[in-house]
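In the numbering used here, the protein residues as written are 36 to 457.
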C-alpha cells in the first residue's frame with residue numbers, strides 16, 4: 036500500500052520503549068555513527084525443507100560495519116518488551132541467538148541461522164541421530180547438553196524463559212557440511228521462581244522426548260534416565276548430563292564406586308529410598324548364587340542386611356576394593372578381573388550407576404544448601420506441595436529427596452525454607 040512504512044528503514048523506535056530501556060540501563064551510551072537496515076537482494080529466508088521462515092534477511096549497518104542479519108517481526112512495543120530486551124540482548128551463551136537491536140514497528144534484529152531445529156530434525160536420517168539401542172548419537176546429545184546449559188545460565192541470572200518450546204530452536208552451520216550448532220532464540224523471560232524453573236526444565240525434557248517420537252525411536256533405559264536427570268539439580272545440570280553414567284567406562288565406574296560415593300547416613304537413607312533393590316532370581320525371592328557367594332565371603336568382615344539397598348552397594352564396593360582377595364571360584368565366575376564384576380553388577384542392577392550418581396549429586400546439593408543457609412537473610416518461603424523431580428529420577432518418593440531440592444532452590448536465592456506436604 037502506498038505510503039506504508041518500510042520496516043527496513045531506520046524509523047524512530049517507539050518512544051515508550053526507548054524510555055523504558057533508558058530506565059533499565061540508567062545511562063544509555065550513544066552509538067557513534069549511523070545505525071540502519073537495508074534489504075538484501077533476496078530477503079526471503081528458507082528453511083531446511085525450503086519453506087519460508089518467519090525471518091527477513093537484511094544488511095545491518097552500525098557505523099561503517101555491515102553484517103548480514105535477520106529481522107523478526109511481531110513483538111509488542113511496550114515496557115515489558117523493554118525489560119525483556121535489556122536481558123535477552125545481553126545473553127552471551129554459545130547456544131543463544133544474539134538479539135542485537137530493535138526497530139519500530141515491532142521488529143528485532145537477530146543473528147543469522149540456517150534453518151529451524153524442527154525442520155532439520157525431519158531432514159536428518161534416524162541413524163545419524165539415534166543408535167539401534169535407542170540412545171542419542173553425539174550430535175543430538177551435544178545439542179541437548181547445550182540447551183540445558185543455556186537454561187542453566189539464564190536461571191543463574193534470576194530469570195526463566197517464557198513458554199520455551201521446539202519452535203524457539205534453530206540450527207547454524209558455520210561452514211557447508213560442518214557440524215550443526217544449536218541456536219535458541221530467547222525473546223521473552225520472566226522472574227525466576229520455583230514453579231517457573233520446574234516448568235522450564237519440563238519444557239526441555241519435552242523437547243528431547245519429541246525428538247525420539249519424531250523418529251519413532253523408543254528410548255533405551257539409559258536414555259530415559261538421562262532425560263529424567265534434566266533439571267533435577269539447581270546448578271551444574273549441564274555438567275551432570277555431560278558426565279552421565281551411560282558414558283562411563285569400567286574404570287570410571289570402579290573409581291566412582293571407590294572414591295566418589297560417600298557412605299554417610301544421609302546417602303544411605305537416600306539409596307534405601309530409591310528404586311535400587313537387592314537382586315533376586317525370577318521367582319522374586321531367591322538371591323543369585325554368585326551374589327550369595329559374595330555375601331558369604333563378605334560377611335567374614337562385615338554384616339550385609341538385605342533389607343537395606345545401601346548394604347548391597349557397600350558389598351559391591353568392598354568386593355571391588357578387595358577383588359584380589361576373593362576366593363578363586365568367585366574370581367573365575369567374574370572373568371578373573373574387576374571388569375567382570377562391573378559387568379555382573381550391571382546384569383543384576385542395570386540402572387545402578389544412574390541411581391547412585393543422582394543420589395551422590397543430591398547429597399552434594401543438600402550439603403551446599405546447608406552451607407548457604409548460614410548466610411541467608413530473614414526472608415522465608417513456605418513451599419507447599421509434594422514435587423517428585425528427584426523421586427522420578429531415582430525411583431524414590433521420599434520427603435527427604437523433595438526437601439533437598441526445595442531447600443537448595445530457596446537457599447540459592449538467599450532464603451530460608453520451610454516446606455510441607457498437603
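Cβ atoms here follow ideal geometry from the backbone N, Cα and C, with glycine treated the same way. Keep in mind that this is a model prediction, so the values were computed, not measured.
Here DSSP, grouped into helix, strand and coil, assigns residue 151 to strand. Boundaries cannot be given for residue 214, as no alpha helix (DSSP H) includes it and DSSP labels it neither H nor E.
By the Cβ test, the region 157-164 is not in contact with the region 185-202, since fewer than three Cβ pairs between them sit closer than 8 angstroms. Between residue 78 and residue 92, the C-beta gap is smaller than 9 angstroms, which places the two residues in contact. Taking a 10 Å sphere around the C-beta of residue 289, we find 16 or more other C-beta atoms and assign the residue as buried. For residue 186, the uninterrupted alpha helix (DSSP H) segment begins and ends at 173-191. Here residue 196 is bridged, per DSSP, to 224. Within a 10 Å sphere around the beta-carbon of residue 338 sit fewer than 16 other beta-carbons, which makes this residue exposed. For residue 207, the enclosing beta strand (DSSP E) starts and ends at 204-207. The alpha-carbon separation between residue 281 and residue 292 amounts to approximately 15 angstroms.
Separation of residue 380 and residue 261 (C-alpha to C-alpha, rounded to the nearest whole angstrom) is 20 angstroms.
Residues of the same chain with a CB within less than 7 angstroms of the CB of residue 312, apart from the 5 flanking positions on each side, are 344 in chain order. Residue nearest to residue 341 within the set 356, 323 and 358 is 323 (criterion: CA-CA distance). C-alpha of residue 332 to C-alpha of residue 362: approximately 8 angstroms in a straight line. Contact annotation, residue 225 with residue 197: C-beta distance approximately 5 angstroms; criterion of less than 8 angstroms satisfied. Checking the DSSP bridge columns, you'll see residue 104 partnered with 93. Counting every other CB atom within 10 Å of its CB across the protein chains shown gives residue 320 a total below 16, marking it as exposed.
In this structure residue 133 does not touch residue 151 by the C-beta definition: roughly 17 angstroms separates them, more than the 8 angstroms allowed. Its chain contains 243 as the residues whose beta carbon lies nearer than 6 angstroms to that of residue 179, once the 5 sequence neighbours on both sides are disregarded; these appear in chain order. According to DSSP, residue 131 shares a beta bridge with 219. Inter-residue distance for residue 236 and residue 256 is about 20 angstroms (C-alpha atoms, whole angstroms). Look at residue 261 here: in three-state DSSP terms it is helix. DSSP, reduced to helix, strand and coil, places residue 361 outside both helices and strands of the structure shown, so it counts as coil.
With 16 or more other Cβ atoms inside 10 Å of its own Cβ, residue 376 counts as buried. Here the alpha carbons of residue 365 and residue 219 stand approximately 53 angstroms from one another.
With distances taken between CA atoms, residue 329 lies nearest to 369 out of 369, 374 and 176. Secondary structure at residue 281: helix, using DSSP grouped into helix, strand and coil.
Residue environment: residue 173 is assigned as exposed (fewer than 16 neighbouring CB atoms within 10 Å of its CB, all protein chains considered). For residue 320, the secondary structure class from DSSP, reduced to helix, strand or coil, is coil. Across the set 357, 388, 208 and 122, the C-alpha of 122 shows the shortest separation from the C-alpha of residue 192. DSSP places residue 168 in the coil class of the three-state scheme, outside both helix and strand. With a contact defined as Cβ atoms closer than 8 angstroms, residue 128 and residue 213 miss out at about 20 angstroms. The three-state secondary structure of residue 253, taken from DSSP, is coil. By the 16-neighbour rule on beta-carbons within 10 angstroms, residue 396 is buried. Under DSSP, residue 74 shares a beta bridge with 93. Taking C-beta separations shorter than 6 angstroms and ignoring five residues to either side along the sequence, the partners of residue 358 in its chain run 373, following chain order.
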